[in-house]
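**Student:** Here it is, the structure in full.
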Amino acid sequence: MPVVRTTGCGPFLCAMLLLGLVGCRPAPSQCPQAKLADPEEIPSGSSETKLFVELHNPSPDNGLEVTTEITAESGTVEDPFARETTYSCAHDVSGPVQLCVKATYSEGESESVSEGNLTQADSSFTAQSEEPGVGASSQYLRAPTVYLIEPLDCSEKQCTTIECPEQKNVCPVVSSLTVEPAVVLDGGTATINVDAEDPDDNPQALVTTLTASHGSIADPHARQTTYTCDPMVGGVIEICVVASDGESSCDAEVCTTVRCPGEPLGNTCPIVEDFTADPNPIAPGNDTTTVRVDAIDPDDFPDPLQTTLSSKGEGAFEDRSASETTFRCGGPGPVEICVVASDGDPACDTEPRCITVQCPSDVRLNLCPQLFVINGVPREIPLGETSTRIETRGQDTDGLPLPLVLTLNSLWGSFENTVNIQEPNNVIAQNATYVCSQPGEVEICVDATDGACVKTLCDVVVCPADIPTP
127 MPVVRTTGCG PFLCAMLLLG LVGCRPAPSQ CPQAKLADPE EIPSGSSETK
177 LFVELHNPSP DNGLEVTTEI TAESGTVEDP FARETTYSCA HDVSGPVQLC
227 VKATYSEGES ESVSEGNLTQ ADSSFTAQSE EPGVGASSQY LRAPTVYLIE
277 PLDCSEKQCT TIECPEQKNV CPVVSSLTVE PAVVLDGGTA TINVDAEDPD
327 DNPQALVTTL TASHGSIADP HARQTTYTCD PMVGGVIEIC VVASDGESSC
377 DAEVCTTVRC PGEPLGNTCP IVEDFTADPN PIAPGNDTTT VRVDAIDPDD
427 FPDPLQTTLS SKGEGAFEDR SASETTFRCG GPGPVEICVV ASDGDPACDT
477 EPRCITVQCP SDVRLNLCPQ LFVINGVPRE IPLGETSTRI ETRGQDTDGL
527 PLPLVLTLNS LWGSFENTVN IQEPNNVIAQ NATYVCSQPG EVEICVDATD
577 GACVKTLCDV VVCPADIPTP
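First residue of the sequence shown? That's 127 in this note's numbering, and the numbers climb one at a time after it.
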């Protein structure tokens, strides 16, 4: 008989369990409980506040881990699974906003009975329970007398509200950054001029901070200051300024270059001079903005310059490698987007350059696609043949932020007829052909993406022994 693990049962209920009369679920008092410590009031002219999760684990020795997740009805939580994080109001929402935190037990490394570790005799009895009141997340193994809940289905959610002010923070703007002369002579210096402003002077006084990849800046926080080259490093030098009003999501950064006398230190790294999104914020009723990247590689070495866009939240780019492309919001509230410039030298890849795009509150939260099947027909290819049909099916119920695309891949061999076929209800199908290039098993996978989420499903095809080994 399968081993039984019980949690939250009194003696009478556990006896009933062993008689096969009832299943047993944990009592609410034995579930982990989390709540948000009272968030600090968001002052007028700001849009952020810190969140802290307070956690109570009633069974710290049960071998289960506790995970927490913070959700917001609008706006953005920087890291929903962290115990300390930042909440940002949506730019077009004011008044009370509900924030919730859910605590859930999850399996750690503790041993438990599951369908995967039953003996063959035991597993012949197993089946999914259709008992009323048993959630889909509870695994019941059916034997003559025993029900087993696996994994532990136990979670609690608590909510609070926070007031988003009507007047939000207006981000600083860097109008210009100049370095003159653009070419510094031996023993000379250059003058840096910064033109920046904060339209609302909130929530803190504007601070500009200058940095240089090499050399020194007399006063990094001055609007006009002197730059001195490093006598050991010549060539093109990057100089950047960050304008901040105290809200990190509102920081504005602009970069430029100056040429110093002498020889450069090997490869000269790429420079992202400007990175913008327009419009920003995005008005209600719309969900896209145009993203522009202005980047250079002074020596065009060793490989051609390449820029790669990414999003740290919901949303998708039409072309991640383009210098100008469209970003489509995948949910409401602020989202951080970043760009990295590379010339093929890993040591020279730039640090991600990031900006915050303000998506409107009426943007629907993106629903990730589903993958239903990948089948080789047949999976085992007969002797004398070299190919098999590969059938895939996926669905993206909301069709956002970009149309669903299915892509096949394998370690070796090739694919033919991989066209994506549009079917009703946003279902995409493929009836492709896989062509073997050597004998033996090969794993074939399909990726489904809507531009924001990626799902993968794999199957194994066996190529016949009479195919020549390359």
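The beta carbon of each residue, even a glycine, is placed where N, CA and C say it ideally should be.
Small disclaimer: the values here were computed from a predicted structure and weren't measured.
1. Once you ignore the five residues that flank residue 354 on each side, which residues in its own chain have a CB closer than 7 Å to its CB?
2. So what does residue 401 bridge to, in DSSP terms?
3. Inspect the beta-carbon positions of residue 489 and residue 413 and report whether they are closer than 8 Å.
4. In whole angstroms, what is the alpha-carbon distance linking residue 542 and residue 480?
5. Can you check whether the CB of residue 408 is closer than 8 Å to the CB of residue 485?
6. To test your reading of the DSSP string, which unbroken beta strand (DSSP E) runs of 3 or more residues are found completely within the region 505-565?
7. Among residues of its own chain, excluding the 5 on either side of residue 426, which ones have a beta-carbon nearer than 8 Å to its beta-carbon?
8. Kindly list the residues whose CB is nearer than 8 Å to the CB of residue 504, restricted to its own chain and excluding five residues on each side of it in sequence; keep chain order.
9. Are the beta-carbon atoms belonging to residue 324 and residue 332 less than 8 Å from one another?
10. Going straight from the alpha carbon of residue 326 to that of residue 551, what length do you get?
11. Assign residue 584 to buried or exposed, taking buried as 16 or more other Cβ atoms, counted over all protein chains shown, within 10 Å of its Cβ.
12. So what does DSSP say about residue 487, is it helix, strand or coil?
13. Are residue 433 and residue 467 close, meaning C-beta to C-beta below 8 Å?
14. Using a Cβ-Cβ cut-off of 6 Å (strictly less than) and excluding sequence neighbours within five positions of residue 345, which residues of its own chain qualify?
15. By DSSP, does residue 261 sit in helix, in strand, or in coil?
16. Tell whether a beta-carbon distance below 8 Å holds between residue 415 and residue 403.
17. Quick check for students: name the residue ranges of the alpha helix (DSSP H) that lie wholly in the region 269-333, counting only runs of 4 or more.
18. Does any C-beta atom of chain B lie closer than 8 Å to the C-beta of residue 208?
19. Can you give the Cα-Cα distance for residue 295 and residue 372, rounded to whole angstroms?
20. Using only CA atoms, which one of 330, 312, 313 and 305 lies nearest to residue 338?
21. If you reduce the DSSP assignment to three classes, tell me which class residue 148 lands in.
22. Going by the DSSP bridge assignment, what does residue 362 pair with across the sheet?
23. What do you get for residue 285, buried or exposed, if any count of 16 or more other CB atoms within 10 angstroms of its CB means buried?
24. Distance, Cα to Cα, residue 311 vs residue 359?
25. Do residue 203 and residue 162 have their C-beta atoms closer together than 8 Å?
26. Mind listing, in chain order, the continuous beta strand (DSSP E) runs of no fewer than 3 residues lying wholly within the region 177-206?
27. Looking only at DSSP bridge pairs, what is residue 492 linked to?
28. Does the beta-carbon of residue 576 have 16 or more other beta-carbons within 10 angstroms, so that it is buried, or is it exposed?
29. Can you find the residues in the same chain that come closer than 6 Å, C-beta to C-beta, to residue 174, ignoring five residues on each side of it along the sequence?
30. What are the boundary residues of the beta strand (DSSP E) that residue 223 is part of?
31. Note down the Cα distance separating residue 384 from residue 347, rounded to an integer number of angstroms.
32. According to DSSP, is residue 338 helix, strand or coil?
33. Excluding the 5 residues flanking residue 579 on each side, which residues of the same chain have their C-beta closer than 8 Å to its C-beta?
34. Sort out for me which residues DSSP pairs residue 479 with in a bridge.
35. Tell me the rounded alpha-carbon separation between residue 223 and residue 375.
36. Just to confirm, are residue 572 and residue 512 a CB contact at a threshold of 8 Å?
**Tutor:** With the structure as the only source:
1. What you label residue 354 is simply residue 228 of the sequence shown in a count that begins at 1. Excluding positions up to five away in sequence, the list reads 315, 341 and 342.
2. Here residue 401 refers to the residue found at position 275 of the sequence shown. According to DSSP, residue 401 bridges with 419.
3. Translated into positions along the sequence shown, residue 489 becomes position 363. Translated into positions along the sequence shown, residue 413 becomes position 287. Yes; because the gap between Cβ atoms is below 8 Å, this pair is in contact.
4. What you label residue 542 is simply residue 416 of the sequence shown in a count that begins at 1. What you label residue 480 is simply residue 354 of the sequence shown in a count that begins at 1. Taking the straight line from one Cα to the other gives about 39 Å.
5. Looking up residue 485 in the sequence shown gives position 359. Looking up residue 408 in the sequence shown gives position 282. Result yes, Cβ atoms of residue 485 and residue 408 sit closer than 8 Å.
6. 513-521, 531-536, 540-542, 547-549 and 553-561
7. Counting from 1 along the sequence shown, the entry for residue 426 is found at position 300. Once the five neighbours on either side are set aside, the close Cβ partners of residue 426 are 469.
8. Numbered from 1 along the sequence shown, position 378 holds the residue referred to as residue 504. Around residue 504: 514.
9. By 1-based counting over the sequence shown, the position of residue 324 is 198. By 1-based counting over the sequence shown, the position of residue 332 is 206. The answer is yes: Cβ separation under 8 Å.
10. Taking the sequence shown and counting its residues from 1, one reaches residue 326 at position 200. Taking the sequence shown and counting its residues from 1, one reaches residue 551 at position 425. Near 48 Å, if we compare the C-alpha coordinates of residue 551 and residue 326.
11. Looking up residue 584 in the sequence shown gives position 458. It counts as exposed.
12. Position 361 of the sequence shown, counted from the start, is the residue given in the question as residue 487. If DSSP states are grouped into helix, strand and coil, residue 487 belongs with coil.
13. The residue labelled residue 433 in the question sits at position 307 within the sequence shown. The residue labelled residue 467 in the question sits at position 341 within the sequence shown. Yes; because the gap between Cβ atoms is below 8 Å, this pair is in contact.
14. Counting from one through the sequence shown, the residue named residue 345 turns up at place 219. Cβ neighbours of residue 345 beyond the five flanking positions: 351.
15. Locating residue 261 in the sequence shown gives position 135, counting from the first residue. Because the pLDDT of residue 261 is 31, which lies under 50, any placement of that residue in the model is unreliable, and the question is left without a value.
16. Residue 415 sits at position 289 when you count from the first residue of the sequence shown. Residue 403 sits at position 277 when you count from the first residue of the sequence shown. Yes.
17. none
18. Note that chain B does not occur in the displayed structure, where there is just one protein chain.
19. Translated into the one-based positions of the sequence shown, residue 295 becomes position 169. Translated into the one-based positions of the sequence shown, residue 372 becomes position 246. So the alpha carbons of these two residues sit roughly 10 Å apart.
20. As a working note, residue 338 is residue 212 in the sequence shown. Among 330, 312, 313 and 305, the Cα nearest to that of residue 338 is on 305.
21. Within the sequence shown, the letter at position 22 stands for residue 148. Bear in mind that a pLDDT of 47 at residue 148, under 50, signals an unreliable position, so the number given afterwards is only what the model happens to contain. Three-state DSSP puts residue 148 in coil, outside helix and strand.
22. Taking the sequence shown and counting its residues from 1, one reaches residue 362 at position 236. Answer is 385, bridged to residue 362.
23. Here residue 285 refers to the residue found at position 159 of the sequence shown. It is exposed - the Cβ of residue 285 has fewer than 16 other Cβ atoms within 10 Å.
24. On the sequence shown, residue 311 is found 185 positions in, with the first residue counted as 1. On the sequence shown, residue 359 is found 233 positions in, with the first residue counted as 1. Cα to Cα, residue 311 sits roughly 13 Å from residue 359.
25. In the sequence shown, counting from the first residue as 1, residue 203 sits at position 77. In the sequence shown, counting from the first residue as 1, residue 162 sits at position 36. It is not a contact, given that the beta carbons lie outside the stated cut-off.
26. 190-198
27. As a position in the sequence shown, residue 492 is number 366, starting the count at 1. For residue 492, which the question treats as bridged, DSSP gives no partner whatsoever.
28. Here residue 576 corresponds to residue number 450 of the sequence shown, with the count starting at 1. Buried.
29. Along the sequence shown, read from residue 1 onward, the residue named residue 174 stands at position 48. 212, 214 and 373, listed in sequence order.
30. By one-based count along the sequence shown, residue 223 stands at place 97. Counting along the chain, the beta strand (DSSP E) containing residue 223 begins and ends at 221-233.
31. By 1-based counting over the sequence shown, the position of residue 384 is 258. By 1-based counting over the sequence shown, the position of residue 347 is 221. Those two C-alpha atoms are separated by around 19 Å.
32. In the sequence shown, counting from the first residue as 1, residue 338 sits at position 212. Three-state DSSP puts residue 338 in a strand.
33. In the sequence shown, residue 579 corresponds to position 453, counting from 1. Result list for residue 579: 492, 494 and 495, in chain order.
34. By one-based count along the sequence shown, residue 479 stands at place 353. Bridge partners of residue 479: 465.
35. Along the sequence shown, read from residue 1 onward, the residue named residue 223 stands at position 97. Along the sequence shown, read from residue 1 onward, the residue named residue 375 stands at position 249. Spanning the two alpha carbons is a distance of roughly 20 Å.
36. The residue labelled residue 572 in the question sits at position 446 within the sequence shown. The residue labelled residue 512 in the question sits at position 386 within the sequence shown. Cβ atoms of residue 572 and residue 512: not closer than 8 Å.
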